[in-house]
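Novice:
In the working numbering, the protein residues as written are 5 to 764.
#1: Is the beta carbon of residue 565 closer than 8 Å to that of residue 605?
#2: CB-CB under 7 Å to residue 588, same chain, minus the five flanking residues each way: which ones, in chain order?
#3: Please report the Cβ distance between residue 488 and residue 467, rounded to the nearest whole angstrom; I am assuming they are in contact, meaning their Cβ atoms lie under 8 Å.
#4: Suppose contacts are defined by Cβ-Cβ distances below 8 Å. Is residue 22 in contact with residue 161 by that definition?
#5: Pull the bridge partners of residue 391 from the DSSP assignment, please.
#6: Please specify which runs of the alpha helix (DSSP H), each continuous and at least 4 residues long, are wholly inside the region 153-201, giving them in chain order.
#7: Let me know the alpha helix (DSSP H) ranges lying completely inside the region 557-624, each 4 residues or longer, listed in chain order.
#8: Look up residue 649 in the DSSP assignment and say whether it is helix, strand or coil.
#9: Would you kindly check if the distance between the Cβ of residue 111 and the Cβ of residue 180 is under 8 Å?
#10: Can the beta-carbon of residue 82 be found less than 8 Å from the beta-carbon of residue 202?
#11: What does the alpha-carbon distance come out to for the pair residue 103 and residue 37?
#12: With contact counted as at least three CB pairs below 8 Å, one residue from each stretch, are the region 521-536 and the region 613-624 in contact?
#13: Which of the three DSSP states, helix, strand or coil, is assigned to residue 520?
#14: Excluding the 5 residues flanking residue 618 on each side, which residues of the same chain have their C-beta closer than 6 Å to its C-beta?
#15: Could you round the C-beta distance between residue 583 and residue 28 to whole angstroms and report it? I think they count as a contact, below 8 Å.
#16: Can you name, in chain order, every residue of its own chain whose Cβ lies under 7 Å from the Cβ of residue 221, other than the five neighbours on each side?
#17: Run the CB neighbour count on residue 573, radius 10 Å, all protein chains shown included, and call it buried at 16 or more, exposed below.
#18: Just checking my contact of residue 119 with residue 163 at CB under 8 Å: how many whole Å lie between their CB atoms?
#19: Less than 8 Å between the CB atoms is what I'm expecting for residue 610 and residue 554, so what's the real figure, rounded?
#20: Contact defined as beta carbons within less than 8 Å: I believe residue 167 pairs with residue 185. What is the distance between those atoms, to the nearest angstrom?
#21: Quick one: measure Cβ to Cβ for residue 249 and residue 257, integer angstroms, because I've assumed they're closer than 8 Å.
#22: Contact check, residue 244 vs residue 535 under 8 Å by CB: the rounded distance?
#23: Ordered along the chain, which non-local residues of its own chain (more than five positions away) have a Cβ less than 6 Å from that of residue 512?
#24: Between residue 418 and the rest of its own chain, which residues show a CB-CB distance below 6 Å, the 5 nearest in sequence each way excluded?
#25: Which partner residues of residue 418 appear in the DSSP bridge assignment?
#26: Roughly how many angstroms lie between the CA atoms of residue 754 and residue 449, to the nearest whole one?
#27: Would the beta-carbon of residue 562 fall within 8 Å of that of residue 630?
#28: Applying the 10 Å Cβ sphere with the 16-neighbour rule, what's the burial state of residue 281?
#29: Would residue 26 be called buried (16 or more neighbouring beta carbons within 10 Å of its own) or exposed?
#30: Using DSSP with H/G/I as helix, E/B as strand and the rest coil, what is residue 537?
#31: Taking the Cβ atom as the reference point for each residue, do residue 701 and residue 543 lie within a distance shorter than 8 Å?
#32: Count the other CB atoms, across all protein chains shown, that sit within 10 Å of the CB of residue 645; report buried if there are 16 or more and exposed otherwise.
#33: Pick helix, strand or coil for residue 442, following the three-state DSSP scheme.
#34: Thinking just about the alpha-carbon of each residue, which of 659, 198 and 126 is nearest to the one in residue 218?
#35: Nearest to residue 456 by CA position, among 496, 662 and 540, is which residue?
#36: Can you have a look at residue 593 and say buried or exposed, based on whether 16 or more other CB atoms are within 10 angstroms of its CB?
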C-alpha cells in the first residue's frame, strides 16, 4: 500500500526481515567487493562525492560486468550492486543516512535497467539443473547452496519495496518511475507473464522437492511485496470499490470497516469456569486475588499511555507496528493469560463528561441482503397467511403491522454488494449469450494475474499451505516434510551454547516471517480477486478449502496464543541497518534470553489477524464450511484467542464464533457476539451447496477464458464438399499405419443401418 509518509523505524523493519542473522557476515563481504572494484575505477573518492553523471557511468559499468560468463566474477559484481542498494553503509554515520542513500541508489539502479538484468540472471539460476540436482543429492543444505539466488533476490526485494513506498518530497521523476515500474511488474512483459508468476513457479518447484536450495523466505517476501505493489493495498482497494460502486449506480459505502476497527477498544473476555474456581480458592486461602476481569477504564488508561498507539491512518498490511495494540501490558511469562488489575487512575485525569462523547450502539451501519428480506417475508407469510409469494418483497397484504415496520427497517439498511451485481450479470450471460454478446473484460493487474495463475492455481495454493504448515509453531518435524531452513542454517553448525541460542532465535524468527508473508499474500489475493470478480475469489477460496486450509489455521491457533504474541525472537543488535552502523556489543546468553525491549511481537500479531481474516473470508455465508468449523471444534480454540486484547483480532474471532452460534449448544454460544447476525438458519445440503458453487465457477472460467470451447452456438458447416475439402493435419507417421487403421477402425466395425434409420 502506498503511504503518503513512512517513518524510518517501519522502513527499517522490512529491510530487517529480509536478512537472517546468519547472513550478517555477508554485509562486510558486499562492502569489500564494492570497494575493491570502486577503487580500481574511481581513485581517491567516495561514492557520495561523485556527481550524478559519474554515478550513472559507474552503474553502467557494473551492468556491463553482469554479462560476463564467469560465475564467480558475476557474483562479485552482484554483491557490489547489493551494497549500493543497501545504502553504502560504510560511508554513513546514522541509520537515517543509510536509508536515504539506499533510496537514492535504488532509483538510480532502476533507471539504469538493473532490474531487467537481474531478472534474466534469476531465470538462469531457476533453470540451473546442475545446482538443483546437486542440492537434491545433498544430505544437508545450508546458506552456501543459495548464495547467488539470495544476492539476486535481496537486490530485487530492496528495489521493489523501496520504489513501492511513496515518501514526502519525492520528485516528479521518481513518481513517474514508480508508476512505470508498477505497470511493468503487473504486465505480462517477462516471458509473457507477470513477474509474480515467476516467483510462484519458484514456490511450487521448491515444494515439489526439485529445488530444495531455493531461499524460500526471500522468495515469499518478494512475492508478497510484488503483489502488494502491483495490485495495491487495502486503502487503494477501498478507493477502487468507491469508484466501482459509482459506475454500477450503487449507493456509496456507509463506512470503511478497517478505519472503524482502528478506533475500537479491545474488550475483556468473560472469565472461564476454571479461572473463577481458581479465584475463589485463592480468596479462601487468604491470598491476594488475581483478577482476570479488567474494567474498561483500565484498558482506556493503558491505551492512553501506550507508546505504540498512533492516530495516523494506515493499513495494517504496510505498517503493523503502528497499529493500535490494545493489548495488556507485560505480565509474568508463566501467567500471561491473567491480566493484573492496574491501580485506578486519578479522577482528574478522566473527567466524567468524556464518557458521554462515545456513541451508543454498533460503530458500523447494519447491512441487510435481499436474501435476508426474502427469507424474513417467507417465514412471516407461512406463519400468518399460510403461503408464500416467492421472491416478492413488496406485497405485504395480510401481514400484521409490526411485520410492515420490520420490512421497512430492513429495506432502509439494504446493502447491494458488487459481488451480487457480478453474479447477476454472470447469470444473464449464461442464460442469454447471444443477446448479451461477448463480455468485455478489462485488463486490470488482478485480471492479468488471475489469468496467469489459472492453469496451475491449485498447485500454487497447495504449495503455500505446505509452507505455512512447515512454518507453523505447532508443527512437528517430519522426515518427509519440506525443509524451509535452507537459507538460515550455516555451513558449520554451532559448537557453543551462545551460538546455539543465536541460531535457535534465528530459526524461530525465520519461521515467523514466513508465516507473516504467506498470510498477507493469501489475504491480498482473496480481497483483490473478490473485487475483480466474485467467482475468481470463490475459485481461490474453494482450492484453499479443498487443501485443508481451515483445519490448518485452527491448528495454528491451537497453542498458547498469548505466548506466541509476546514471543521475543529477535536480536536488535544484529538487525539491519543497526548492525552495520553501530559497534557490535558483546552478546551473552543472558542478553539473548532477555530478548528485545518490545512488549509484543508485532510480526506474530499481524500474522494472527490476517489468518483470522482469511478464515472468515472463506467461511462467510458458506454453511458447509461453517460446519467444518463446528466439526473441528473451533469454538474453544477461538475463545482462547479472545484473551489477546487487540480490537481487530477480537473482532474477527467474534465473527467466526458468530457464524457458528446456531450450530452450537448453549455452552458453546456463551460469548456475547456483537456482530451482524445471520437470520438464515434453515437446514442445508452441504455437499450440494459446494457442488453448485463449483459448477458456477467452472462455467465462469470456461466462457471467460476457454477460447477454444466447443460451444453449442458455434456455426456448423453443412456442405459436404466443403467439409471433405478441408485440410486435416495428420501425424508424420500416419502413412505407415493408415491401412491398419482403416481395417480396424472402419472395415471391421459393423454398421447398424437400422439404428441409423430409426435415429433419423
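The C-beta atom is built at its ideal place from N, Cα and C for all residues, glycine as well.
These figures come from a predicted structure and were not determined experimentally.
Specialist: With the given structure in hand:
#1: Counting from 1 along the chain shown, the entry for residue 605 is found at position 601. Counting from 1 along the chain shown, the entry for residue 565 is found at position 561. At a Cβ-Cβ threshold of 8 Å, residue 605 and residue 565 do not count as neighbours.
#2: What you label residue 588 is simply residue 584 of the chain shown in a count that begins at 1. Correct list, in chain order: 577.
#3: If you number the chain shown from 1, residue 488 lands on position 484. If you number the chain shown from 1, residue 467 lands on position 463. Wrong, their Cβ atoms sit about 12 Å apart, outside the cutoff.
#4: Here residue 22 corresponds to residue number 18 of the chain shown, with the count starting at 1. Here residue 161 corresponds to residue number 157 of the chain shown, with the count starting at 1. Residue 161 is positioned such that its CB atom lies closer than 8 Å to that of residue 22.
#5: The residue labelled residue 391 in the question sits at position 387 within the chain shown. Residue 391 is not bridged to any residue.
#6: 176-190
#7: Counting whole runs of 4 or more residues, the region 557-624 contains the alpha helix (DSSP H) stretches 565-569, 582-585, 593-598 and 606-623.
#8: Along the chain shown, read from residue 1 onward, the residue named residue 649 stands at position 645. Reduced to three states, the DSSP call for residue 649 is coil.
#9: Looking up residue 180 in the chain shown gives position 176. Looking up residue 111 in the chain shown gives position 107. No, they are not a contact pair.
#10: As a first step, residue 82 is located in the chain shown; it is residue number 78 there, counting from the start. As a first step, residue 202 is located in the chain shown; it is residue number 198 there, counting from the start. Not a contact, by the Cβ cut-off of 8 Å.
#11: Numbered from 1 along the chain shown, position 99 holds the residue referred to as residue 103. Numbered from 1 along the chain shown, position 33 holds the residue referred to as residue 37. About 21 Å.
#12: yes
#13: Here residue 520 refers to the residue found at position 516 of the chain shown. Helix, per DSSP.
#14: Sequence index remark: in the chain shown, residue 618 carries index 614 (1-based). Counting only Cβ-Cβ distances below 6 Å, and skipping sequence neighbours, we find 526 and 527.
#15: Position 579 of the chain shown, counted from the start, is the residue given in the question as residue 583. Position 24 of the chain shown, counted from the start, is the residue given in the question as residue 28. 6 Å between Cβ atoms; contact.
#16: In the chain shown, residue 221 corresponds to position 217, counting from 1. Only 491, 514, 517 and 518 meet the Cβ criterion.
#17: For the purposes of this step, residue 573 is taken as residue 569 along the chain shown, with counting starting at 1. Buried, because 16 or more other Cβ atoms sit within 10 Å of the Cβ of residue 573.
#18: For the purposes of this step, residue 119 is taken as the residue at position 115 of the chain shown. For the purposes of this step, residue 163 is taken as the residue at position 159 of the chain shown. Between residue 163 and residue 119 the Cβ distance is about 6 Å, and since that is below 8 Å, they are a contact.
#19: The residue you call residue 610 lines up with position 606 of the chain shown. The residue you call residue 554 lines up with position 550 of the chain shown. The Cβ separation is near 21 Å, so there is no contact.
#20: Residue numbering aside, residue 167 sits at position 163 when the chain shown is read from its first letter. Residue numbering aside, residue 185 sits at position 181 when the chain shown is read from its first letter. So it is a contact: roughly 5 Å between Cβ atoms.
#21: Position 245 of the chain shown, counted from the start, is the residue given in the question as residue 249. Position 253 of the chain shown, counted from the start, is the residue given in the question as residue 257. The Cβ separation is near 7 Å, so the contact holds.
#22: The residue labelled residue 244 in the question sits at position 240 within the chain shown. The residue labelled residue 535 in the question sits at position 531 within the chain shown. Yes, residue 244 and residue 535 are in contact; Cβ-Cβ is about 6 Å, under 8 Å.
#23: Residue mapping note: residue 512 aligns to position 508 of the chain shown, counting from 1. Only 573 meet the Cβ criterion.
#24: The count along the chain shown starts at 1 and reaches residue 418 at position 414. These residues qualify, in order along the chain: 372.
#25: Within the chain shown, the letter at position 414 stands for residue 418. Note: residue 418 sits in a beta bridge opposite 372.
#26: One-based indexing of the chain shown puts residue 754 at position 750. One-based indexing of the chain shown puts residue 449 at position 445. In a straight line, the C-alpha of residue 754 is about 56 Å away from that of residue 449.
#27: Within the chain shown, residue 562 is the residue found at index 558, counting from 1. Within the chain shown, residue 630 is the residue found at index 626, counting from 1. No.
#28: The residue you call residue 281 lines up with position 277 of the chain shown. Under this definition residue 281 is an exposed residue.
#29: If you number the chain shown from 1, residue 26 lands on position 22. The residue is buried, with at least 16 neighbouring Cβ atoms inside 10 Å.
#30: Looking up residue 537 in the chain shown gives position 533. In the structure shown, residue 537 sits in coil (DSSP, three-state: anything other than H, G, I, E or B).
#31: As a first step, residue 701 must be located in the chain shown, where it is residue number 697. As a first step, residue 543 must be located in the chain shown, where it is residue number 539. Cβ atoms of residue 701 and residue 543: closer than 8 Å.
#32: As a position in the chain shown, residue 645 is number 641, starting the count at 1. Burial call: buried.
#33: Within the chain shown, numbered from 1, the residue matching residue 442 stands at position 438. Residue 442: coil per DSSP, three-state reduction.
#34: Taking the chain shown and counting its residues from 1, one reaches residue 218 at position 214. Residue 126 is the option with its Cα nearest to residue 218.
#35: Stepping through the chain shown from its first residue, residue 456 is reached at position 452. Among 496, 662 and 540, the Cα nearest to that of residue 456 is on 540.
#36: As a position in the chain shown, residue 593 is number 589, starting the count at 1. By the Cβ-count criterion, residue 593 is exposed, with fewer than 16 other Cβ atoms from all chains shown falling within 10 Å of its own Cβ.
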